[in-house]
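Contents: one structure, followed by commentary.
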Amino acid sequence: LVSHGFGVSGSFIGCMRDLFVDSHLMGPDDWLNASAVNITRGCIHRDRCKDAPCENRGECVNLWQGYQCKCQRPYEGQNCADEHTPARFGRDGASSFAVFAIDEEPGAAVLTFSMLLRTRRESGMLLALAAGARPYLWVRLEHGHLKAKVDGAQGVAGRGVISDGKLHLVSVAVGWGQMTLRQSGLTAGRAAVGPVHVRAGDKVYVGGVDDKRSTAGLGGYFEGCIQDLRLNEQRLQFFPRGVPVRSHGAEHMVNVSEGCIGGDSCASSPCQNGGVCVPAWEDFTCACTHNATGRHCEEVRWCAFSLCPSPAHCRPVPRGYECISNVTFQNGVTLTFRGNGLISRHLTTISFSIRTRQHTAAVLHADSGSGFVTVSVRDGLLVLELLSPSSSSSSSSSSPVADGMWHNVEFRMVAPAANASQWALLLADDREEPVTSDSEAGNLDFLREGVDILLGGPGSRAGQSGIMCLSNVELGGIVLSYYGPSDLMLPRPQMEQFRKTSTASLPGGCRAEGGACEPSLCLNGGHCRDLLGPFRCTCPSGWTGQRCELHAVACRCEAETDPCGRRRCADGATASGPHGGVCLIGSFSFNFFSFLSPPRGSKLPASICGHETQNYTCLNGGNCSDADFACDCLPGFTGHRSARLCSVIHSFYPLGLSLSLSYSNQET
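Right, here's the structure in full:
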């Protein structure tokens, strides 16, 4: 239907039925042949988009007799098959730019620049709009972010990094008092600006300007690709195609090449240690072998080579490895270490794990003449002593470590960046707060070179177990390795090292680990507890004895009995308690020590324990224990000891035996 008189143009496309004119039904047979043009009987329709005619992600719109493709940039044409030719800037490091002239003033109220760009450079000028030599609007990359600015106004920066080698659609719109940045269709930033007037004869500089100093002020020459550059809906074509489009022509271009082909990033063989280079646009990735890692496969995975002797295990460290193992110090053996002279970090921590029953033991000592550091066990507590030319510091643990259990220890400077600060002691298995020294001391940098560092050494007293197990001691995170070059398959390659200088070697592992309990000493399903020397069996129900070798029969104890029976307390002590079960000892003095005789009828041996100043007796087969001067009693017996108290407690078993414990203390 065409009716120019009514301001309507174009023809109707579609189907009609039940057409009435003056109340008369009209059909194709009633029309004159001359008046029926391109009209057919029936209503046949086929969706033209079912054939998927649009390429490159174009959206198809069905037009009944045809279709229309809404193309994604940078594609155009009936089927979105035509691509705008990209322009390559800065290839091989060359300075490149292009200049376009504005032929006519844009009529729109909003000025919009848009483009597709691809780069891996974090800075560079994208475009500038200038009147003469003075730019009044420019867009650039800064630290990988898009940034735009109008002369005399505050700039606006995008949110995401776009210097990732991927294709990004960006736009800058100025109008109605504000400037808006968009990235991939999303608003990335806004800023208030004044009006911008573009006049015929103004220039658009892309990638840089001919003056290098001016370009440097705008971020430097751009390196990458720009494609489908538009000012509003007019193209700025670097390489015009045969299809005519509305565009501004390029006045001249310098070192701008057609296409967006990246350089051969693998030509320099950047991958090390057998890695295979996989090229990417202006980049590469390395497919490393199983024993290397890093961007260039420069980090060797040393632990993949099984370099450590048994029972040590390999731990990777930056650019190297360490063989980690517990060792057993005994018989006064000392190991000596020295820094290799290449340690640059500050040494502000000491960390290790310890297991011992020694109440006095030397752990670490180093003396430089003007200062020293000592870590030791004293009276069962862990002690750190530091001396520097200007200050000294000392701290000790609040709970004992001489209990035959493993304890994880860390000493650290409270303020590691300071010249001197308090030192804190942390036992990782302790629920208490870290213990902090009262005074300040410096760091341990004097150990980095030329100072002997001693581990272990004499320290046990008579009557104590001479065993001390240590993990690897670490100073500032650097391991004091128990293995020298001759013990390893390959030398440790890392720069910072403490090297073992002594020739003595220690057995790997903790000697008590699997030692006292091997072979299986506990019978009948008993569980053996290794106490770093002695052992103890935890027996299942129905068994008793030191090795769970005796049957235990449950007994009934309905009647109350006097725990002490007819036995008298030794040394004039008096019975006290609900049933006279505690013997209270008054003021007394002994020449050496005194005992209670074993109960009559007991056939189990007694053990005399202690040393020159303190002693006690374990009866009924009880064994001496170094822990707090106590007894390890056989199943069926119990007892405890406290200063100036003697207690006798019956445990009712069919054996009918009892434990008596007598204790005396003479102060010297």
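Start counting the sequence shown at 858; every next residue gets the next number (the working numbering). In this text, a Cβ means the ideal position worked out from N, Cα and C, and glycines have one as well. Keep in mind the model is a prediction, meaning the values are calculated, not measured.
C-alpha gap between Arg1214 and Pro1342, whole angstroms: Whole-angstrom Cα-Cα distance: 32 Å.
Cβ-Cβ distance between Ser953 and Phe1079 below 9 Å: Yes.
Residues of its chain near Gly1383, where Cβ-Cβ distance is below 8 Å and the 5 sequence neighbours each way are ignored: Non-local beta-carbon contacts of Gly1383 in its own chain, meaning distances under 8 Å to residues more than five positions away in sequence, involve Cys1394, Thr1395, Cys1396, Pro1397, Trp1400, Arg1404, Cys1405 in chain order.
Same chain only: Cβ atoms within 7 Å of Cys900, ignoring 5 sequence neighbours per side: Excluding sequence neighbours, Cys900 sits near Cys872.
C-beta contact flag for Arg1356 and Arg1202 at 9 Å: No, Cβ-Cβ distance for Arg1356 and Arg1202 is not below 9 Å.
Glu962 and Ser1020 closer than 9 Å at C-beta: Taking 9 Å as the Cβ cut-off, Glu962 and Ser1020 do not qualify as a contacting pair.
Three-way DSSP call (helix, strand, coil) for Ser1071 in this model: Helix.
Status (buried if at least 16 other CB within 10 Å, exposed otherwise) for Ser1041: That one is exposed.
Assigned secondary structure, Gly950 (DSSP; H/G/I helix, E/B strand, else coil): Under the three-state reduction of DSSP output, Gly950 falls in the helix class.
Selection from Ser1250, Leu1312, Phe1162 that minimises the alpha carbon distance to Ala1298: The residue from Ser1250, Leu1312, Phe1162 with its alpha-carbon nearest to that of Ala1298 is Ser1250.
Test item: CB-CB of Leu1363 and Leu1192 under 9 Å: With contacts defined as CB atoms closer than 9 Å, Leu1363 and Leu1192 qualify as a contacting pair.
Supposed contact pair Gly1226 and Pro1257 - C-beta distance, whole angstroms, cut 8 Å: The beta-carbon distance between Pro1257 and Gly1226, rounded to whole angstroms, is 33 Å. This is too long to meet the 8 Å contact definition.
Touch test, the segment 998 to 1016 against the segment 1137 to 1151, Cβ-Cβ under 8 Å, three pairs minimum: No: fewer than three Cβ pairs fall under 8 Å.
Cβ contact (3+ pairs, closer than 8 Å) linking the segment 1044 to 1062 and the segment 972 to 992: Counting Cβ pairs under 8 Å, three or more are found: they touch.
Beta-ladder partner(s) of Ile1537, from DSSP: Residue 1537 lies beyond the range of the chain shown here (858 to 1525); nothing can be said about it.
Contact check, Phe1268 vs Ile1207, beta carbons under 9 Å: Against a cut-off of 9 Å, the Cβ pair of Ile1207 and Phe1268 comes out as a contact.
N-terminal and C-terminal residue of the beta strand (DSSP E) that Thr976 is part of: Unbroken run through Thr976: none, as it is neither H nor E.
Alpha-carbon spacing of Ser798 relative to Asp1344, whole angstroms: Beyond the ends of the chain as shown, which are 858 and 1525, falls residue 798; an answer cannot be given.
Integer Cβ distance of Gln1351 from Pro1175, believed to fall under 8 Å: The C-beta separation of Gln1351 from Pro1175 comes to about 7 Å, placing the pair in contact by the 8 Å criterion.
Residue interval of the beta strand (DSSP E) (run including Arg1092): If you look at Arg1092, you'll find it in the beta strand (DSSP E) that goes 1091 to 1093.
Asn1300 and Phe1209 closer than 9 Å at C-beta: Not closer than 9 Å, so no.
Whole-Å CB distance - Gly1081 paired with Leu974, under 8 Å assumed: Indeed they touch by this definition, with Cβ atoms about 6 Å apart.
Backbone secondary structure at Lys1060 - three-state DSSP: Looking at Lys1060 - three-state DSSP - the assignment turns out to be strand.
Alpha-carbon to alpha-carbon, Leu1282 and Gly1261: Rounded to whole angstroms, Gly1261 to Leu1282 spans 20 Å at the Cα level.
Rounded Cβ spacing between Ala958 and Ile1083 (contact assumed at less than 8 Å): The C-beta separation of Ala958 from Ile1083 comes to about 18 Å, leaving the pair out of contact by the 8 Å criterion.
Opposing strand residues paired with Tyr1339 [DSSP bridges]: None, per the DSSP bridge assignment.
Three-state secondary structure (DSSP) of Trp995: Residue state, collapsed to three classes: strand.
Three-state secondary structure assigned by DSSP to Trp1280: When secondary structure is reduced to three states using DSSP, Trp1280 falls in the strand class.
First and last residue of the uninterrupted beta strand (DSSP E) at Asn919: Start and end: 916 to 919.
Own chain, CB closer than 7 Å to Arg1425, minus 5 neighbours either side, in chain order: Any answer about Arg1425 is weak, because its pLDDT of 47 lies below 50 and its placement is not dependable; what the coordinates show is given next. Excluding positions up to five away in sequence, the list is empty.
Cβ-based neighbour list, Thr1358, same chain, cut-off 8 Å, excluding 5 preceding and 5 following: These residues qualify, in order along the chain: Thr1193, Phe1194, Arg1195, Asp1309.
Residue interval of the beta strand (DSSP E) (run including Lys1357): Segment 1355 to 1357, the beta strand (DSSP E) holding Lys1357.
Coarse secondary structure for Lys907, derived from DSSP in three states: Of the three classes helix, strand and coil, the one that applies to Lys907 here is helix, per DSSP.
Where Cys1143 falls: helix, strand or coil (DSSP): If DSSP states are grouped into helix, strand and coil, Cys1143 belongs with the strands.
Cβ neighbour criterion (16 or more within 10 Å) applied to Met1270: Buried, since its Cβ has 16 or more Cβ neighbours within 10 Å.
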